[in-house]
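For the sequence shown, our numbering gives the first residue as 79, with consecutive numbering after it. Okay, structure first, notes after.
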Amino acid sequence: MSIRVEDFGAYHGHPAKRFILQNQNGFTASVTDAGASIVSILAPDRDGKPGEMVLGYDCAEDYEKGHSFFGFSVGRHANRIGKGRFVIGGKTYQVACNDGPNHLHGGPAGFNTYLWDSEILADGDAPRVRFSLHSPHMDQGFPGSLDAFITFTLNEYNGLELLFEAQCDQDTLCNLTNHCYYNLTGEPDVQTIEGHRLSIAADFFTPCDANALTTGEIRSVEGTPFDFRSPRLLSEGINADDEQIRFGGGYDHNYCLNAHGPEEPVCVLSDPKSGRVMQVYTDQPGLQLYTGNGLDGTETGHDGRAYPRRAGLCLETQVFPNGSSFAHFPTPLLKAGEQYSHHVEYRFLTE
């Protein structure tokens, strides 16, 4: 049970550090203050051989140059806001648009572009690191002076827990998440995730328009490629002749999670070949499934690996995208003085 700190290069001109967390089982996960990012998770296969579970880079400089949000924590508002506009208290705000006509993941200078302050909270049974960030009033167009915190904990169950917290002095929007890409094969020659098996405890999802923006509709997964209520291979639906699949070039959609208790996984991802399994636990109402459709092999990461299309997938817990536009969606509104809290755990095991 330990935390080791290493130099990780420079991020936007500032020295960055990498924090290597190890639990009593010898399981390790690495995070960095550069974008409050997940850098590495090493998980054993059914034969005990460790492999890399996430897409990422070996130095902070590459995180600065990258354009796919590998491992980043994103905010103030993860996912999309239509036309970058929202209304609070009768006043319309315009935030930066960086995804065609829409705002995405906090804008061009979102939280992922910051070097976060860091603090080691525990170096024992549960290695824990806390990152903190101050976002000033009108940062990227968002009202209010906001303080954000992300605590990474490696627990005894080989689970990496993330606790997002925030407070603001004015009413604002807040929807924080982590944009890590997972691939459970753990092989040096990166395989696509199409052979992974997935289940999501959701009867409904939120369809998108051609710009990947939610329309306000909540649609049943019944009879669609989006039905993962029972485990099935991603390859069975990822190339389906379906308008929603065509819009995203695969999956890039929010699932409306069914009601669940804290000990119930909302999502289970597995790799039949290696026997690795990842369970996702959260207190959030939504889960974004993104299957790395925009990766094209031009970015190289760990040990010089090239990441081709669909080399990894994201499972981002959140409120529904563009939630400020629809009264029937869970709201991303954070009222002045109130506490934002969001918990998610990615737990690794074998079968």
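Ideal placement from N, C-alpha and C gives every residue a C-beta, glycine not left out. Fair warning: this is a prediction, and the values are worked out from it, not measured in the lab.
For this session: Let me know the beta strand (DSSP E) ranges lying completely inside the segment 336-423, each 3 residues or longer, listed in chain order.
Result: Listed in chain order, the complete beta strand (DSSP E) runs (minimum 3 residues) inside the segment 336-423 are 345-348, 354-360, 364-368 and 391-396.
For this session: For L412, collect the residues of the same chain with a Cβ closer than 6 Å to its Cβ; drop the 5 residues on either side in sequence, then sort them by chain order.
Result: As a working note, residue 412 is residue 334 in the sequence shown. Counting only residues of its own chain and dropping the five nearest sequence neighbours on each side, L412 has a CB closer than 6 Å to the CB of C246, T250, C252 and Y418.
Exercise. Between which two residues does the alpha helix (DSSP H) containing D143 stretch?
Worked result: The residue labelled residue 143 in the question sits at position 65 within the sequence shown. Checking the displayed sequence, the identity of residue 143 turns out to be Lys instead of Asp. K143 -> alpha helix (DSSP H) spans A138 to K143.
Problem set entry | Span of the alpha helix (DSSP H), counted from its first residue to its last, around E321 | In the sequence shown, the residue the question calls residue 321 occupies position 243. Taken as a continuous stretch (DSSP letters only), the alpha helix (DSSP H) holding E321 covers E321 to G326.
For this session: Could you name each continuous beta strand (DSSP E) segment of 3 residues or more that falls completely within the segment 201-238, going from the start of the chain to the end?
Result: Runs of the beta strand (DSSP E) lying entirely within the segment 201-238, each at least 3 residues long, are 206-213 and 224-232 in chain order.
Exercise. Across which residues does DSSP place G129 in a beta bridge pair?
Worked result: Here residue 129 is taken as the residue at index 51 of the sequence shown, counted from 1. DSSP, once it has assigned bridges, lists A121 as partnering G129.
Exercise. What is the residue span of the beta strand (DSSP E) that P303 lies within?
Worked result: Taking the first residue of the sequence shown as 1, we reach residue 303 at position 225. Here P303 belongs to no beta strand (DSSP E), and DSSP marks it neither H nor E.
Exercise. Apart from the five residues just before and just after D136, which ones in its own chain have a Cβ nearer than 8 Å to its Cβ?
Worked result: Sequence index remark: in the sequence shown, residue 136 carries index 58 (1-based). Closer than 8 Å at the Cβ level, and outside the excluded window around D136, lie G379, H380 and D381.
For this session: State buried or exposed for T170, treating a residue as buried only when at least 16 other CB atoms are found within 10 Å of its CB.
Result: Position 92 of the sequence shown holds residue 170. Its Cβ having fewer than 16 others within 10 Å, T170 is exposed.
Exercise. Between S313 and E272, what straight-line distance do the alpha-carbon atoms span, to the nearest angstrom?
Worked result: Position 235 of the sequence shown, counted from the start, is the residue given in the question as residue 313. Position 194 of the sequence shown, counted from the start, is the residue given in the question as residue 272. For S313 and E272, the distance between alpha carbons rounds to 5 Å.
Problem set entry | Residue from A288, S308 and Q322 with nearest C-alpha to R297 | Here residue 297 is taken as the residue at index 219 of the sequence shown, counted from 1. When the alpha-carbon of R297 is set against those of A288, S308 and Q322, the nearest one is in Q322.
For this session: Spatial neighbours of Q248 within its chain, please: CB distance less than 6 Å, with the 5 preceding and 5 following residues excluded, ordered by chain position.
Result: For the purposes of this step, residue 248 is taken as residue 170 along the sequence shown, with counting starting at 1. Once the five neighbours on either side are set aside, the close Cβ partners of Q248 are P221, G222 and A414.
Problem set entry | Buried versus exposed call for R158 [16 or more other C-beta atoms within 10 Å across all chains shown] | Locating residue 158 in the sequence shown gives position 80, where the first residue counts as 1. Burial call: buried.
Problem set entry | C-beta neighbour in chain B for R307, strict 9 Å | Here there is only one protein chain, and chain B is not present.
Problem set entry | Inter-residue spacing [alpha-carbon to alpha-carbon] between T191 and L240 | As a position in the sequence shown, residue 191 is number 113, starting the count at 1. As a position in the sequence shown, residue 240 is number 162, starting the count at 1. Distance between the alpha carbons of T191 and L240: 19 Å.
Exercise. Does DSSP classify E429 as helix, strand or coil?
Worked result: For the purposes of this step, residue 429 is taken as the residue at position 351 of the sequence shown. In the three-state scheme derived from DSSP, where H, G and I count as helix and E and B as strand, E429 is classed as coil.
Exercise. At what residues does the beta strand (DSSP E) containing Y171 begin and finish?
Worked result: Translated into positions along the sequence shown, residue 171 becomes position 93. That run of the beta strand (DSSP E) goes K169 to Q172.
Exercise. Hey, P399 and N336: beta-carbon distance below 9 Å or not?
Worked result: Locating residue 399 in the sequence shown gives position 321, where the first residue counts as 1. Locating residue 336 in the sequence shown gives position 258, where the first residue counts as 1. N336 is positioned such that its CB atom lies no closer than 9 Å to that of P399.
For this session: Note the first and the last residue of the continuous beta strand (DSSP E) segment covering Q440.
Result: The structure shown does not extend to residue 440, since the chain is modelled only from 79 through 429, so no value can be given for it.
For this session: Report yes if the CB atom of F227 is closer than 9 Å to the CB atom of H183, and no otherwise.
Result: Residue numbering aside, residue 227 sits at position 149 when the sequence shown is read from its first letter. Residue numbering aside, residue 183 sits at position 105 when the sequence shown is read from its first letter. Not in contact: F227 and H183 (Cβ atoms no closer than 9 Å).
Problem set entry | C-alpha distance - L120 paired with G264, whole-angstrom precision | The residue you call residue 120 lines up with position 42 of the sequence shown. The residue you call residue 264 lines up with position 186 of the sequence shown. If you take the alpha carbons of L120 and G264, they lie about 8 Å apart.
For this session: Using three-state DSSP, classify N289 as helix, strand or coil.
Result: Your numbering for residue 289 matches position 211 in the sequence shown. Correct three-state label for N289: coil.
For this session: Please confirm if the segment 208-218 is in contact with the segment 84-93, defined as three or more CB-CB distances below 8 Å between the two stretches.
Result: Segments in contact, no.
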